[in-house]
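Residue numbers (our numbering): 135 to 271.
Right, here's the structure in full:
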């Protein structure tokens, strides 16, 4: 695996960012009706996935990164549960739910595989090199 210089290079972070935008579009479309608590909780939990990946990476230690990847995976589970709440309220069609569910399951799986990799790698810590230019994502 190539050395990661910036959290923006992490595939799980890219996927989480994409999901955050997808769920944001669903929220903005009005499908959640006026359920502001569910809107806020879903928005926060979906954003928390990418935020925890970034925060863990920036801490600079492998152990700390793994902890925050666990938090990110937990947030993905929270979003999955919220998707069921949205489906049960009939804010989404089954097909819409299935698409979002598959997306979040894939993200969770990627995070888990990354955790497993970090647990078995010989790299003792995150060796950050400067990420000078924002990446074109």
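All C-beta atoms in this analysis are idealised placements derived from N, C-alpha and C, irrespective of residue type, glycine included.
- Three-state secondary structure assigned by DSSP to residue 215: Helix.
- Query: If you compare alpha carbons, which of 250, 180, 255, 237 is closest to residue 206?
  - Reply: Ranked by how close their Cα comes to the Cα of residue 206, the residues 250, 180, 255, 237 have 180 in first place.
- Message: On the DSSP letters alone, give me the boundaries of the alpha helix (DSSP H) that residue 223 sits inside.
- Response: For residue 223, no alpha helix (DSSP H) run applies, since DSSP gives it neither H nor E.
- Which of the three DSSP states, helix, strand or coil, is assigned to residue 252? Residue 252: helix per DSSP, three-state reduction.
- Item | Buried versus exposed call for residue 185 [16 or more other C-beta atoms within 10 Å across all chains shown] | By the 10 Å Cβ count, residue 185 comes out buried.
- Excluding sequence positions up to five away, which residues of its chain have a Cβ less than 7 angstroms from the Cβ of residue 226? Excluding sequence neighbours, residue 226 sits near 165, 220.
- Item | residue 190 burial status per 10 Å Cβ neighbour count (16 or more: buried) | Residue burial is scored here from C-beta neighbours: residue 190 has at least 16 other C-beta atoms within 10 angstroms and is therefore classed as buried.
- Query: Whose C-alpha, out of 157, 192, 224, is nearest the C-alpha of residue 177?
  - Reply: Nearest C-alpha to residue 177 among 157, 192, 224: 157.
- Have a look at 256, 252, 175 and flag the residue whose alpha-carbon is nearest the alpha-carbon of residue 202. Of the listed residues, the one whose Cα sits closest to residue 202 is 252.
- Item | Segment limits, alpha helix (DSSP H) that includes residue 171 | Residue 171 -> alpha helix (DSSP H) spans 170-193.
- Message: As a quick exercise: from 243, 247, 222, 217, pick the residue whose alpha carbon is nearest that of residue 272.
- Response: With the chain covering 135 to 271 only, the question about residue 272 has no answer from this structure.
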